[in-house]
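Below: one structure, written as structure tokens.
In the working numbering, the protein residues as written are 1137 to 1436.
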């Protein structure tokens, strides 16, 4: 038994040494976070890494070149976007296997967060190539930090789905989420997003809309769901820009019940009227806040 154990240990040690020496001859893949707007929000370490790597894979070289010019980074940029992320993986892996380092950056923030990079990272893992994260800005955490919501837990969903079936599934998840839900959306689709949210969510749920974070015209809008669209449409910038939307979590309260007659009234209103108006009228008739009626409806 002891002899077999010794043989296993020797084999294991040989495997460790093989992997170690093999990895010594491989390049490193750096996942580098860049500013989400204000170019001053970059770390010293990120600049150091971007200067020393062989090439930098960039989601859009035109955007990255602005950052590189500001910090006198002369590393060669090569495009790596959603239309080329599969086809270019093997070429990058060959470069890494030759012992040269590669950095991956997105247009803004931390790569792979709703941006290209998954296929390259997976391939690097499969080839036992060392992957080193260079932390920095991300719009998700930046927006959450100023939301004022409880952050014990939260869920990031990325861009709001385009397909109807996926939207319905997601809206039900958000409606019952105990923590804040975070979405990305473009300005041209933002108005429609609020319409979809209003179909399923509590009209009084709190919303934070963060616009153009860290940029010159950064703006934060805080309100309830039923008012937020109007606030944005009447604002100085309207629906122009890039947006992070945070929806506060649903807090269930015990002891809220409707008597049978109240339930009947609510059901009739919900059947005959659109959801927002039905809850508004029910609030006036039943002498309860819309928020309370919504919570009770969720339980029944």
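A virtual CB, placed ideally from N, CA and C, is assigned to each residue, including glycine.
Residue state for residue 1255 is assigned as helix, using DSSP reduced to three classes. Cβ atoms of residue 1228 and residue 1193 come within 8 angstroms of each other, at about 7 angstroms. If the five residues before and after residue 1414 are omitted, its C-beta is found closer than 7 angstroms to the C-beta atoms of 1405, 1406, all from its own chain and listed in chain order. DSSP, read as helix, strand or coil, puts residue 1273 in coil.
Counted as a single uninterrupted DSSP element, the stretch harbouring residue 1343 is not any alpha helix (DSSP H) but the beta strand (DSSP E) occupying residues 1342 to 1347. With respect to the C-alpha of residue 1226, the residue from 1186, 1262, 1365 having the closest C-alpha is 1262. Between the C-alpha atoms of residue 1202 and residue 1276 there is a straight-line separation of about 23 angstroms. DSSP places residue 1199 in the uninterrupted alpha helix (DSSP H) bounded by 1197 to 1206. Distance between residue 1208 and residue 1302, taken at the CA atoms: about 44 angstroms.
Under the three-state reduction of DSSP output, residue 1310 falls in the helix class. Bridge partners of residue 1170 according to DSSP: 1245.
Membership of residue 1315 in any alpha helix (DSSP H) is not indicated, and neither H nor E is assigned to it by DSSP. In this structure, residue 1280 sits away from residue 1295, with a CB-CB distance that is not shorter than 8 angstroms.
Between the C-alpha atoms of residue 1173 and residue 1200 there is a straight-line separation of about 12 angstroms. Boundaries cannot be given for residue 1250, as no alpha helix (DSSP H) includes it and DSSP labels it neither H nor E.
Spanning the alpha carbons of residue 1396 and residue 1355 requires a straight line of approximately 46 angstroms.
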